[in-house]
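Visitor:
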Amino acid sequence: INKLKRKSHEKEVTIQNRLNSVSTGIQEALDSFKTKIDKENKDTKNKSRSLDSHIQNLSEKLDNYTTNLKNVESKVRDIDRKLNDMKDSLEDSIDKKIRRAIRKAREEGSVSDIMSAHGSIQGSSSRR
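First residue of the sequence shown: 77, per our numbering; consecutive thereafter.
Put into structure tokens, the structure is as follows:
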């Protein structure tokens, strides 16, 4: 009976040691897995922060480009308006010169003066 008790106790100890060994192995695997997950979570958070920062920078650049584009569009409209004003003024000036030359030619009654005036006006308008 003592021999059986001893063998039974030895088997219990062996089984307990095996259980402890398995339990320790499982705990180590869980700890390793948890460490790996924690590291991946930390990496993911860092990447997320980095992406958020990058998106914010790109958004600011887009805002700046949009503002600059609006400024350029406004300047182009101003230049276009000035060019149209200059064109109108030049056309008015040419019209006045033509009327003056025609009036002068009529007063003097000279057709050659009219042709001469017409030629000089054409020359000045082609220089534009």
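Just so you know, even glycine gets a beta-carbon here, dropped at the ideal spot from N, CA and C.
1. DSSP three-state label for Ile-77, please.
2. CA-CA distance, Glu-136 and Lys-146?
3. I'd like the list of long-range same chain contacts for Arg-203, defined as Cβ closer than 7 Å, with 5 residues on each side in sequence excluded.
4. What did DSSP end up calling Gly-185 once you bin it into helix, strand or coil?
5. Return the CA-CA distance between Asp-240 and Arg-125, expressed in angstroms with no decimal places.
Guide: Well, looking at it:
1. Start at 1 with the first residue of the sequence shown, and residue 77 comes out as number 1. In the structure shown, Ile-77 sits in coil (DSSP, three-state: anything other than H, G, I, E or B).
2. Locating residue 136 in the sequence shown gives position 60, counting from the first residue. Locating residue 146 in the sequence shown gives position 70, counting from the first residue. Their Cα atoms are separated by approximately 15 Å.
3. Stepping through the sequence shown from its first residue, residue 203 is reached at position 127. Here Arg-203 scores only 46 on pLDDT, less than 50, and its place in the model is too uncertain to base an answer on.
4. Start at 1 with the first residue of the sequence shown, and residue 185 comes out as number 109. Coil at Gly-185, not helix or strand.
5. The chain is shown from 77 up to 204; residue 240 falls before or after that span and cannot be answered.
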